[in-house]
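What follows is the structure, given as structure tokens:
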């Protein structure tokens, strides 16, 4: 049976999520010692939080936002650092706030130049800016947020060039970034706390794969219901 146009993009997201987990497992001999050394360098996370004071969470939010707006800056380590210092709940909230802020800034920047791009006699520009289903665009943004291999900033800039409304983009981004924010924070907290390190990584990996799978399942069920 040939996959429909609605299920094919979600199936691709699921495949990318599974691929990211497999890649992480294959590279474990490389990144696990680095993570252990990083946890040792952190020392006492309580002392780090006390030294940063109230400005610590604000600084991490700003850094996360900059990581989204400026591509060369990686956002994953910042989210893990937030989890290591402020725990799963606090670190997750900080990373989500920063990622959401950065995504909205990137979206606004792209939206600012959309009219100029749409007015050009260019096939690529016309394809990006042409009207599309708001629901499908929301699902595309939401699904992309669940796959770590898909560039967070690229999705934000690309969405700003489409006809997707600001509130729909904000909702899809917030719902999509929340699970990943807590997952990365859990990994950071697990690295800082050696007793729960393995459990944190297992939970974070499970979230990375389970959520795209759930989206794929919902889309497939909707596709069958329409037939």
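Numbering (my numbering), first residue to last: 17 to 243. The beta-carbon is built from N, C-alpha and C at its ideal position, and this holds for glycine as well.
Each of 178, 173, 195 was checked against the Cα of residue 152, and the nearest Cα belongs to 178.
Pairing residue 194 with residue 156, the inter-Cα distance amounts to about 16 Å. Remark: C-beta atoms of residue 161 and residue 204 do not approach each other more closely than 8 Å.
Between the segment 96 to 105 and the segment 181 to 188 there are fewer than three inter-stretch CB-CB distances shorter than 8 Å, so the stretches are not counted as touching. In the DSSP annotation of this structure, the continuous segment of the alpha helix (DSSP H) that includes residue 157 starts and ends at 150 to 161. By the criterion of a C-beta distance shorter than 8 Å, residue 77 is surrounded in its chain by 110, 113, 114, 117, once the five residues flanking it on both sides are discounted.
The DSSP-derived three-state label of residue 179 is coil. Residue 123: member of the alpha helix (DSSP H) spanning 92 to 128, first to last residue. Going by DSSP, residue 83 is part of the alpha helix (DSSP H) stretching over 71 to 85.
With 16 or more other Cβ atoms from the protein chains shown falling within 10 Å of its own Cβ, residue 73 counts as buried. The alpha-carbon separation between residue 197 and residue 80 amounts to approximately 11 Å. In the three-state scheme derived from DSSP, where H, G and I count as helix and E and B as strand, residue 147 is classed as coil. Residues 178, 179 of the same chain have their beta carbon placed closer than 7 Å to that of residue 148, with the five preceding and five following residues left out of the count. Taking C-beta atoms under 8 Å as the contact rule, residue 92 and residue 200 qualify, at a distance of about 6 Å.
Measuring C-alpha to C-alpha distances from residue 121 to each of 163, 202, 189 identifies 189 as the nearest. Taking 8 Å as the cut-off, the beta carbon of residue 173 is found no closer than this to the beta carbon of residue 124. Per the C-alpha coordinates, the member of 84, 71, 75 positioned closest to residue 166 is 84.
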